[in-house]
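Report on one structure; see the data block that follows.
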Amino acid sequence: MKRVILFSMLVLLTAAAIPAVAQPPEVNVPVPTGWTAVDQEHRYDRDNLWEYINGAAEMFLTYRFRELIVADFEQGDGAITVSVYDMGRPLDAFGVFETEKPATAEVLEGVGSAAVLQAPYQGLLLKDRFYVKIEAGGGDVSAEALQGALQDVAAGLPGEGGLPPQLAALPEDGRVPGTVAYAGSNFLGFEDLSACLYADYKVTGGDEYRLFVMKPRASFLRNESGKWAQSEQEGRIRFTRTVPYSGVVVLMGDKERLIGVSGFDEIQSATELLTSLLQ
Amino acid sequence: MAKHDPDKKHPCGMTRRGFLAVGGAVALGAAAKPALARMDGDQETPEVGGPPKISRYRTLGRTDFKVSDISMGCGSIAESNVVRYAYDHGMNLFDTAESYGNGDSEKKIGEAMEHMQRDKIFIVTKTDISEDPDEQTLIDRFHKSLERLKTPYADALYAHGIADLKLVEYEPFLKACEKLKADGKLKHAGISSHGPRGEEPDAMDTVLIKAAESGHFDVMLLSYGFVNAEEGERVLKVCKEKNIGTTIMKSATGLMEMPVLDVENPSEMIQGWFEYLEGMGNTREQAIERITKYLEREGPRFEESLKLSKPFIEKHGIKSQDELDMKSLQWVLRNPDAHTICPSTPTFDALDKVLALSGTELSAAGAQFLDEYARAYEAYNCSFSCTECAGACPHKVPVSTIMRYAYYYRKQGREKHAMRKYARLGTQNAAVCLDCDAPCVGACPYGVQAQARLFEAHGLLTMV
Chain A
412 MKRVILFSML VLLTAAAIPA VAQPPEVNVP VPTGWTAVDQ EHRYDRDNLW EYINGAAEMF
472 LTYRFRELIV ADFEQGDGAI TVSVYDMGRP LDAFGVFETE KPATAEVLEG VGSAAVLQAP
532 YQGLLLKDRF YVKIEAGGGD VSAEALQGAL QDVAAGLPGE GGLPPQLAAL PEDGRVPGTV
592 AYAGSNFLGF EDLSACLYAD YKVTGGDEYR LFVMKPRASF LRNESGKWAQ SEQEGRIRFT
652 RTVPYSGVVV LMGDKERLIG VSGFDEIQSA TELLTSLLQ
Chain B
14 MAKHDPDKKH PCGMTRRGFL AVGGAVALGA AAKPALARMD GDQETPEVGG PPKISRYRTL
74 GRTDFKVSDI SMGCGSIAES NVVRYAYDHG MNLFDTAESY GNGDSEKKIG EAMEHMQRDK
134 IFIVTKTDIS EDPDEQTLID RFHKSLERLK TPYADALYAH GIADLKLVEY EPFLKACEKL
194 KADGKLKHAG ISSHGPRGEE PDAMDTVLIK AAESGHFDVM LLSYGFVNAE EGERVLKVCK
254 EKNIGTTIMK SATGLMEMPV LDVENPSEMI QGWFEYLEGM GNTREQAIER ITKYLEREGP
314 RFEESLKLSK PFIEKHGIKS QDELDMKSLQ WVLRNPDAHT ICPSTPTFDA LDKVLALSGT
374 ELSAAGAQFL DEYARAYEAY NCSFSCTECA GACPHKVPVS TIMRYAYYYR KQGREKHAMR
434 KYARLGTQNA AVCLDCDAPC VGACPYGVQA QARLFEAHGL LTMV
């Protein structure tokens, strides 16, 4: 029996591994001007991220998180920790940035793709596939020093500025400013709604709803969970489900792309909205 | 969304709340079948709802709070309605941290707060003390947590993820807690630990037992499951003596899925690989090629393993990963000294699954299965989360470090990285084990044969 179990263990261990792939060139933490590195960089991946950030790792793993590179710097009495999260692609970096961005933070223009400052403790930066967090770890670190470090790190990271082009998939009419975001998984509290780009909308007349776009997984199209009602509507696939406390969620489209809406009481009116958008 | 009104009548004439209540009764009677809500006349939409509720509450140590035996781990909460749903179904402890989503997890709980009766719930948040923050900084950060949580007080503030004995009695944290308690903003100080990490070397049980004996903490969060039973039970025993409230995390097992490449209908695991590879710039074709090669390389081992493990899985009637995970939770639930377990439940469906376990007991067959699984797991795998064997090696070989590198190599596919790390150990590597009469044999309380595993790791990491 023991032998059987041991082999079973091997299956479990091996099956959990992601096949080895050619890695892109290694990225290092850019050294902010005037700061001196303390010790060497530390690197964490999907399997040991929790060692550094404990349960906070869970959220990152719902995206395509690939690697975290951390470096400590000091300048006089001040110390900062720069954490560069390689999120695999810009859309995932955007999703994490939008999730972690405090509502009250000061927006910094012209730094990376986007940046905010929450003095006195931290600055957040988005650039290409990187999400960066700079935290004041000790001594006096001014808002100017944090901002300067953000600028230097943004300049030192590879990749393009600008926001991910996928954001254009969401219509602009009626969109509530500042609500565009991206959920790696568990969107609306459903485990089979993953990789959803979404925004809130308010149209004349008062209707409020949340619109989202996703490329469905095969398991979703097969309705493996059995939790969705599936039908065809004017030549398109339609999935519907009730959301606790929030009416219904309806998705329509094809195997490549589904557009969905939540916040309606009735399937019919949600379907009408989606039909008009798809046309 | 503002447009939706939960009290609005459905076409069938019932309010949503009334409808959900009936749906719940139907679902309980119908076991696994989802309740069905008739929505628009032409279509039946499966209703989320109708799940069981929490059926057992335990006293959370000296806090005297009656805590649900299953509570909510909020590490990846992305939707506040999920929190509200948990509360409505009897969960009453919500475990979060300032670092979860950089405060977003606390924010989601805060958004649900208006739907919860504050004195009926227990809010735990955590703060990082690894960077030596001063007392005022900790107080300021805690106030930000309260703002996000939309509550005038928290029930507990934990020193987060402690793996260094020196931090157990970190004075600024203890003073900050006393100040916050005096101001009515905090009820209890607590502590959590996952075991050693990075440069912080101390084992979970060493840290938490010291914390329990210090008298500073009323509650704590620990890792406890059938694969690290003894370590967890050492902590629970002291907590019981000291009447400290205990919350359990990380009780589930690893994966149990056989990877098979079906390009048209990939499994969730294969789909995850596709997304990962494509996210790294591979085309679909390149991703297929890489996965195919990987499975070809590992195929014979998969086949042999599956053939051998099949009778075992059949004997215990294990049908899915979910089932194994649920049994793992039940294993913890049977221990009354583990007051509440807080699995990560970011979705309605995940909540439905764990709610059904409240108050249940693991069957004798289930317990036997897990015991056998645990023995096999312990005998083969160094968890590298403890340092129990450290003193047994006359050559000071860093056993758990080498085991970790072997893990990087095997499980993470980071061969070069692991080998480079191993090479940096210089002469302090496992080569010395070849000529050693192995006083380490028997040193591992979990039965891991360290010398054999070190031989294996050395071969792996040096290509010898």
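Those protein sequence lines, which keep their order, are chains A and B. First residue of the first sequence? That's 412 in our numbering, and the numbers climb one at a time after it. First residue of the second sequence? That's 14 in our numbering, and the numbers climb one at a time after it. All residues carry an ideal CB built from backbone N, CA and C; glycine is no exception.
query: Against N597(A), what residues of chain B qualify as contacts under a CB-to-CB distance less than 9 Å, listed in chain order?; result: S89, I90, A91, E92, V95, P359, T360, A363
query: Looking at the strands, I want to know which residues DSSP matches up with M85(B).; result: F107(B)
query: So, does the CB of T686(A) fall closer than 8 Å to a CB anywhere in chain B?; result: no
query: Going straight from the alpha carbon of A169(B) to that of A565(A), what length do you get?; result: 38 Å
query: Would you verify that the beta carbon of S158(B) is, or is not, closer than 8 Å to some beta carbon of chain A?; result: no
query: Taking just the CA atoms, how far does W639(A) sit from V276(B)?; result: 23 Å
query: Would you please verify whether the beta carbon of E302(B) is less than 8 Å from any beta carbon of chain A?; result: no
query: Taking DSSP as the reference, what is the three-state secondary structure of I257(B)?; result: coil
query: Answer yes or no: do V660(A) and S642(A) have a C-beta to C-beta separation smaller than 8 Å?; result: no
query: DSSP three-state call for G54(B): helix, strand or coil?; result: Reliability fails at G54(B), whose pLDDT of 33 lies under 50, so the model's placement of it is uncertain and the value that follows must be treated cautiously. Looking at G54(B) - three-state DSSP - the assignment turns out to be coil, as it is neither helix nor strand.
query: Can you list the residues of chain B that S494(A) reaches, using a CB-CB cut of under 7 Å?; result: The contacting residues do not exist; S494(A) stays about 11 Å from chain B at best.
query: Please look up how many angstroms separate the CB atoms of V503(B) and L467(B), rounded, as I've assumed it's under 8 Å.; result: No information on residue 503(B) is available, as it lies outside the stretch 14 to 477 that chain B covers here.
query: Output, in chain order, the set of chain B residues within a Cβ distance shorter than 9 Å of F601(A).; result: V61, E92, T360, F361, D362
query: With three or more C-beta pairs closer than 8 Å as the rule, is the stretch 107 to 120 of chain B touching the stretch 492 to 505 of chain A?; result: no
query: Indicate whether F505(A) and P575(A) have their beta-carbon atoms separated by less than 8 Å.; result: yes
query: In terms of residue numbering, what span does the alpha helix (DSSP H) encompassing P122(B) cover?; result: Before going further, note that residue 122(B) is Ile rather than Pro in the sequence given. Taken as a continuous stretch (DSSP letters only), the alpha helix (DSSP H) holding I122(B) covers 117 to 125.
query: Can you check which of these residues, Q558(A), E635(A), V440(A), is closest to Y496(A) by C-alpha distance?; result: V440(A)
query: By the three-class DSSP mapping on this structure, what secondary structure does H229(B) have?; result: coil
query: Just verifying my parser: in three-state terms, what is the DSSP assignment at M625(A)?; result: strand
query: Does the beta carbon of S112(B) sit closer than 8 Å to a beta carbon anywhere in chain A?; result: yes
query: Does the stretch 117 to 136 of chain B touch the stretch 155 to 165 of chain B, meaning 3 or more C-beta pairs lie closer than 8 Å?; result: yes
query: Residues in the stretch 132 to 153 of chain B with C-beta within 7 Å of chain A's C-beta atoms, listed in sequence order?; result: E144, D145
query: The alpha helix (DSSP H) that contains L488(B), what's its start and end?; result: Outside the shown range of chain B (14 to 477) lies residue 488(B), about which nothing can therefore be said.
query: Where does D8(B) land, buried or exposed, given buried means 16+ other C-beta within 10 angstroms?; result: Absent from the model: residue 8(B). The displayed extent of chain B is 14 to 477, so no value can be given.
query: Just by C-beta distance, which residues in the stretch 651 to 673 of chain A are closer than 8 Å to chain B?; result: T651, R652, T653, V654, P655, Y656, S657, G658, V659, S673
query: Counting pairs of beta carbons, one from the stretch 65 to 85 of chain B and one from the stretch 338 to 354 of chain B, are three or more of them closer than 8 Å?; result: yes
query: Could you check where the alpha helix (DSSP H) with L460(A) kicks off and where it finishes?; result: 460 to 464
query: Can you tell me the Cα-Cα spacing of G521(A) and I261(B), whole angstroms?; result: 45 Å
query: Check for me: the alpha helix (DSSP H) holding A556(A) runs from which residue to which?; result: 554 to 567
query: Taking 8 Å as the threshold (C-beta atoms), are I648(A) and D665(A) in contact?; result: yes
query: What are the boundary residues of the alpha helix (DSSP H) that includes Q464(B)?; result: 463 to 475
query: Tell me which residues share the same chain as G570(A) and place their Cβ nearer than 8 Å to its Cβ, disregarding the 5 neighbours each side in the sequence.; result: P501, K538, D539, R540, F541
query: How long is the line joining the alpha carbons of S341(B) and C402(B), rounded to whole angstroms?; result: 27 Å
query: Considering only DSSP beta bridges, list what I222(B) is partnered with.; result: According to DSSP, I222(B) bridges with nothing at all.
query: Quick one: grab the DSSP three-state call for Y418(B).; result: helix
query: Look at the Cβ atom of I175(B), then the Cβ atom of S206(B), and state whether they are nearer than 8 Å.; result: yes
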